[in-house]
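In our numbering, the protein residues as written are 986 to 1278. I have placed the structure first, in the form of structure tokens, so that the comments after it can refer back to it.
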């Protein structure tokens, strides 16, 4: 199966490529889409034998050419907090896939995808609707807050503090971006099971004090949750990230961990994720719902 992975240089795209090439999900000819082939990440993929092709998602002519002869597409878009741009990107890919006769698209969406989302994620609902209207065989993988987003708080957690604009009772759904790669690879390997499915991929659902306790166990230092106001967080990090946390505070139901056993998916918990990563190497990452590639 020939698969084109968009966002090949980001968290999700790299994870999809790794799982497709692992052999666990069959044999695939994998192509990664990048906007700049000279970047270090693109060169790294090329050196490891990945077919990396250059292009921009909004360029429909280029996407149509790249999708000629392709069987499957993993589509992840970046909004930069601009829903109009993201919608244009995804529709370009979807329309090109229909024209090229692609047999399966896996689209990375966001949990609770509906009209009351923050600005940065409203477009994902529109894209889901466009995929359905186009009649393209598809799997929708919805994900909440990435566990990777806690990297931006690594200095604070190491110092014993977890500051979030949430109440202690709020349940925060989480997923490891690597599990999106596993889910996408599983979908391409078994389209009979996955085509037509919308999967809410949640690995853990914890309150802020439970998250702090998990960090305490992982880092070996006491970490305490300290609630801060949305205005304080907005002043520190900007309007859109604050709005995302406001959405989690007000709109996420308590029961957000679905049973994924029918799909053979067992996403990692936060404790498992922290056990597998080197927290000393964490880098700053803006906290968005799941718009980062």
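For each residue, glycine too, the CB sits at the ideal point set by N, CA and C. Nothing here was measured: the structure is a model prediction, and the numbers come from that model.
Can you list, in chain order, the residues of its chain with a C-beta nearer than 6 Å to that of residue i? Leave out the 5 residues immediately preceding and following it.
{"i": "residue 1016", "result": "989, 1036 and 1038"}
{"i": "residue 1047", "result": "1040"}
{"i": "residue 1269", "result": "Because the pLDDT of residue 1269 is 36, which lies under 50, any placement of that residue in the model is unreliable, and the number read from its coordinates should be weighed accordingly. Excluding positions up to five away in sequence, the list reads 1137."}
{"i": "residue 1290", "result": "Absent from the structure is residue 1290, since the part of the chain shown begins at 986 and ends at 1278."}
{"i": "residue 1073", "result": "1043"}
Out of curiosity, what's the CA-to-CA distance linking residue i and residue j?
{"i": "residue 1181", "j": "residue 1083", "result": "16 Å"}
{"i": "residue 1018", "j": "residue 1060", "result": "10 Å"}
{"i": "residue 1043", "j": "residue 1188", "result": "32 Å"}
{"i": "residue 1054", "j": "residue 1125", "result": "22 Å"}
{"i": "residue 1033", "j": "residue 1214", "result": "46 Å"}
{"i": "residue 1041", "j": "residue 1020", "result": "6 Å"}
{"i": "residue 1158", "j": "residue 1193", "result": "11 Å"}
{"i": "residue 1309", "j": "residue 1095", "result": "Outside the modelled stretch of the chain, which goes from 986 to 1278, sits residue 1309, for which no answer is possible."}
{"i": "residue 1282", "j": "residue 1216", "result": "The structure shown does not extend to residue 1282, since the chain is modelled only from 986 through 1278, so no value can be given for it."}
{"i": "residue 1210", "j": "residue 1013", "result": "44 Å"}
{"i": "residue 1027", "j": "residue 1154", "result": "42 Å"}
{"i": "residue 1009", "j": "residue 1176", "result": "15 Å"}
{"i": "residue 1203", "j": "residue 1254", "result": "12 Å"}
{"i": "residue 1058", "j": "residue 1069", "result": "21 Å"}
{"i": "residue 1260", "j": "residue 1200", "result": "10 Å"}
{"i": "residue 1088", "j": "residue 1247", "result": "22 Å"}
{"i": "residue 1190", "j": "residue 1243", "result": "10 Å"}
{"i": "residue 1123", "j": "residue 1115", "result": "11 Å"}
{"i": "residue 1156", "j": "residue 1235", "result": "10 Å"}
{"i": "residue 1011", "j": "residue 1222", "result": "43 Å"}
{"i": "residue 1007", "j": "residue 1117", "result": "30 Å"}
{"i": "residue 1051", "j": "residue 1025", "result": "22 Å"}
{"i": "residue 1218", "j": "residue 1090", "result": "37 Å"}
Between the options, which lies nearest to residue i when the distance is taken from Cα to Cα?
{"i": "residue 1352", "options": "1046, 1076 and 1198", "result": "Residue 1352 lies beyond the residue range present for the chain, which begins at 986 and ends at 1278; the question has no answer from this structure."}
{"i": "residue 1220", "options": "1149, 1183 and 1156", "result": "1149"}
{"i": "residue 1161", "options": "1108, 1025, 1208 and 1130", "result": "1130"}
{"i": "residue 1023", "options": "994, 1050 and 1045", "result": "994"}
{"i": "residue 1142", "options": "1262, 1008 and 1198", "result": "1198"}
{"i": "residue 1145", "options": "1090, 1206, 1191 and 1226", "result": "1206"}
{"i": "residue 1092", "options": "1191, 1073 and 1062", "result": "1062"}
{"i": "residue 1245", "options": "992, 1117 and 1178", "result": "1178"}
{"i": "residue 1140", "options": "1208, 1052, 1115 and 1165", "result": "1208"}
{"i": "residue 1257", "options": "1164, 1224, 1001 and 1002", "result": "1164"}
{"i": "residue 1135", "options": "1007, 1262, 1001 and 1000", "result": "1262"}
Less than 8 Å between the CB atoms is what I'm expecting for residue i and residue j, so what's the real figure, rounded?
{"i": "residue 1030", "j": "residue 1173", "result": "Going by Cβ atoms, the distance from residue 1030 to residue 1173 rounds to 18 Å, so no, they are not a contact pair."}
{"i": "residue 1079", "j": "residue 1119", "result": "6 Å"}
{"i": "residue 1196", "j": "residue 1147", "result": "6 Å"}
{"i": "residue 1151", "j": "residue 1226", "result": "About 13 Å; that fails the 8 Å criterion."}
Near residue i, what residues of its chain come up, given a Cβ to Cβ distance below 7 Å and the 5 sequence neighbours on each side ignored?
{"i": "residue 1049", "result": "1081, 1084 and 1085"}
{"i": "residue 1127", "result": "1094, 1095, 1096, 1098, 1183, 1184, 1185 and 1186"}
{"i": "residue 1003", "result": "1166"}
{"i": "residue 1000", "result": "1162, 1163, 1165 and 1166"}
With a threshold of 8 Å on Cβ separation, who are the neighbours of residue i within its own chain once the five nearest residues in sequence on each side are excluded?
{"i": "residue 1045", "result": "1077, 1080 and 1081"}
Practice task
Please determine if the segment 1164 to 1177 and the segment 1224 to 1235 are in contact, where contact requires at least 3 C-beta pairs separated by less than 8 Å.
Solution key: no
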